[in-house]
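Input: a single structure, listed below in structure tokens.
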Amino acid sequence: MEQEMASWRSTCTYIDAVPPPGVNVVDGRWLFKVKRPLGELPMFKARYEAQGFSQREGVDFFQTWLLRHLVYGLRQAPREWHDTLHATLADLWFFPCSVDPSLFIRAGQTPFYILIYVDDLVFATAYRDALASLKAELLRRHTYTDLRELRPGLPLTG
Numbered sequence: 038m039e040q041e042m043a044s045w046r047s048t049c050t051y052i053d054a055v056p057p058p059g060v061n062v063v064d065g066r067w068l069f070k071v072k073r074p075l076g077e078l079p080m081f082k083a084r085y086e087a088q089g090f091s092q093r094e095g096v097d098f099f100q101t102w103l104l105r106h107l108v109y110g111l112r113q114a115p116r117e118w119h120d121t122l123h124a125t126l127a128d129l130w131f132f133p134c135s136v137d138p139s140l141f142i143r144a145g146q147t148p149f150y151i152l153i154y155v156d157d158l159v160f161a162t163a164y165r166d167a168l169a170s171l172k173a174e175l176l177r178r179h180t181y182t183d184l185r186e187l188r189p190g191l192p193l194t195g
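Just so we're aligned, residue 38 is where the sequence shown starts under this note's numbering, counting upward by one.
Next up, the structure:
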């Protein structure tokens, strides 16, 4: 919980304030999870999730009071995340594939591919220096956790 609050403080996601009269303040709750990566120690995670179902379209759907950045659970959070990520990748010369918009490609002397699934990114390139450089640039712009090398999941059989 402390890590999540520290993250919010560092990104100025919220401010302590008294809401004006008549404003719908979206409630939320803390969610706790234990992640157990294969072969690693368990990680204890906490996140605050807004109860976006209390938002009403046309009333408070597009403007949520007290938030400077979107929080898990708000109805507009996925769209905002996609728009922010898309703008960042476009700025770094990545463009969505015409066949699969979740695949971003940067052509050139060091071809690079990024596959997006919700809020996870998978990088593919033959150039480790380019990968390290991209990760450093993304970390400069956004806070994220690097889960290192992708491990194979279930085997695919034909």
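Beta carbons are placed, not taken as given, at the ideal position from N, Cα and C, and that holds for glycine.
What's the C-alpha gap between residue i and residue j?
i    : j    : result
Y181 : T162 : 20 Å
K82  : S44  : 13 Å
F131 : F141 : 6 Å
V60  : R66  : 19 Å
W118 : A87  : 15 Å
T147 : R165 : 10 Å
L168 : F160 : 8 Å
R73  : P57  : 43 Å
V155 : A173 : 21 Å
S170 : V55  : 43 Å
G76  : V62  : 42 Å
D64  : T121 : 24 Å
A196 : S47  : Because the chain spans 38 through 195 in this model, residue 196 falls outside it and cannot be assessed.
H123 : R116 : 10 Å
Provide the residue span of the beta strand (DSSP E) that contains residue i, from first to last.
i    : result
E174 : Unbroken run through E174 is the alpha helix (DSSP H), R165 to R178; no beta strand (DSSP E).
F81  : M80 to A87
Y154 : F149 to Y154
D157 : D157 to A161
R143 : L140 to R143
V71  : G65 to K72
Once you ignore the five residues that flank residue i on each side, which residues in its own chain have a CB closer than 8 Å to its CB?
i    : result
R178 : T125
V37  : The structure shown does not extend to residue 37, since the chain is modelled only from 38 through 195, so no value can be given for it.
Quick one: is the Cβ of residue i within less than 8 Å of any heavy atom of the ligand HEM?
i    : result
P148 : For the structure depicted, the ligand HEM is absent and the ligand set is empty, with no information on it obtainable.
Please list, in chain order, all residues of the same chain as residue i whose beta carbon is under 7 Å from its beta carbon, the five residues on each side excluded.
i    : result
E41  : A83, R84 and Y85
A33  : The structure shown does not extend to residue 33, since the chain spans only 38 to 195, so no value can be given for it.
W102 : With a pLDDT of only 49 at W102, under 50, the local geometry of the prediction cannot be trusted, and the value read off the model is given with reservation. Same-chain partners within the cutoff: P56, V60 and V62.
Looking only at its chain, what residues have a beta carbon closer than 6 Å to the beta carbon of residue i, apart from the 5 residues adjacent to it on each side?
i    : result
I153 : S139
L184 : none
V136 : none
Pick from the options: whose alpha carbon is nearest that of residue i?
i    : options             : result
Y150 : R46, G59 and P133   : P133
L187 : D157, P58 and Y164  : D157
L175 : R143, G145 and L129 : L129
L68  : M38, S170 and L171  : M38
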